[in-house]
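Here the structure comes first, spelled out in structure tokens, and everything after it is commentary.
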Amino acid sequence: MHPIKVSLHDTLLYLHTEPKGVRPVDHYQQTDFGLYVARRFQHHPRIQYWEAHLIPRLGLQVNVFHYHDEARGDHTHDYYLDVMRIQHKGHQWCTEDYYLDLLVYQGSHARILDTDEYLHAVQDGTLSAESAGYALMTAHRALNNLGLFGHDLDAWLASEGIELFWQEEPVLSRSS
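If you want the numbering used here, it's the position in the sequence shown, counting the first as 1, plus 22.
Shown next, in the form of structure tokens:
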């Protein structure tokens with residue numbers, strides 16, 4: 023079982039510190055509802071570029087992954103949502119990933135992932151009772167709201183006053 027994944031975004035230094043290392047960030051943009059992040063994935067077998075919106079009020083990080091051509095066919099979801107606690111202080115944003123994830127197939131359906139990891143983290147005490155409750159309620163609220171809006175993430179978020187944006191064509195390279 024891996025520990026809770028803690029990440030730090032430093033919008034002044036344009037650095038994303040995560041358990042696997044410190045990564046340079048191409049773009050940060052603070053919004054009324056959170057933080058937008060875009061960066062390359064160096065030497066990753068499937069993913070070459072990542073964009074995300076951190077939304078503290080909803081306890082979600084909404085991800086869009088840009089895959090290498092040969093890996094693209096394996097991934098048919100439109101959005102990948104991480105359930106997490108997000109805290110913002112000055113130019114630093116800290117996230118704690120609470121294991122549960124959702125795949126959103128826009129306008130079709132959504133799936134919850136990693137319930138086994140979540141349960142293991144609860145059972146072995148990695149995830150406190152308070153954090154486990156927060157994660158479970160956050161995941162259920164997201165799944166229920168997606169259902170209410172026909173699995174249209176954009177429509178649900180619009181009802182919350184949130185409009186996500188993405189790069190039209192991220193700068194991708196073969197060496198990424």
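Backbone N, C-alpha and C fix where the C-beta goes; we use that ideal spot for every residue, glycine too.
Check whether the Cβ atoms of residue i and residue j lie closer than 8 Å to each other.
i: Leu135; j: Ala143; result: no
i: Glu133; j: Leu124; result: Per the sequence shown, residue 133 should be read as Arg rather than Glu. Going by C-beta atoms, Arg133 is nearer than 8 Å to Leu124.
i: Asp119; j: Asp104; result: yes
i: His61; j: Val47; result: Residue identity differs from the one stated: residue 61 is Arg in this sequence, not His. Yes, these two residues count as a Cβ contact at 8 Å.
i: Trp178; j: Leu168; result: yes
i: His31; j: Tyr58; result: no
i: His110; j: Leu34; result: no
Taking just the CA atoms, how far does residue j sit from residue i?
i: Lys42; j: Lys27; result: 10 Å
i: His90; j: Trp72; result: 12 Å
i: His162; j: Phe63; result: 30 Å
i: Ile77; j: Asp138; result: 25 Å
i: Ile184; j: Phe55; result: 7 Å
i: Val86; j: Ser153; result: 25 Å
i: Gln52; j: Gly172; result: 28 Å
Nearer than 7 Å: is that true of the beta carbon of residue i relative to any heavy atom of the ligand GTP?
i: Arg133; result: For the ligand GTP, the structure offers nothing, since it holds no ligand at all.
Might you give, ordered along the chain, the residues of its own chain that have their beta carbon closer than 6 Å to the beta carbon of residue i, omitting 5 neighbours on each side?
i: Ala151; result: none
i: Glu40; result: Ser29
i: Val44; result: Leu37
Hey, could you find the ends of the alpha helix (DSSP H) residue i is sitting in?
i: Ser153; result: Ala151 to Leu170
i: Gln145; result: Thr137 to Gln145
Cutting at 8 Å between CB atoms, please list the residues of its own chain near residue i, excluding the five before and the five after it.
i: Gly147; result: none
i: Thr264; result: Any property of residue 264 remains undetermined from this structure, which presents the chain solely from 23 to 198.
i: Tyr156; result: Gly81, Arg107 and Tyr120
For the beta strand (DSSP E) that contains residue i, what are its first and last residues?
i: Thr117; result: Gln114 to Tyr127
i: Leu57; result: Leu57 to Arg62
Within its chain, find whatever has a CB closer than 7 Å to the CB of residue i; leave out the 5 residues flanking it on each side and keep chain order.
i: Asp174; result: Gln128 and Gly129
With H, G and I counted as helix, E and B as strand and the rest as coil, what does DSSP make of residue i?
i: Trp188; result: coil
i: Ser29; result: strand
i: Trp78; result: Residue identity check: residue 78 is Pro in the sequence provided, not Trp. Pro78: helix per DSSP, three-state reduction.
Establish whether the CB of residue i and some CB of chain C are separated by less than 8 Å.
i: Glu40; result: In summary, chain C is missing from the structure at hand, where a single protein chain is found.
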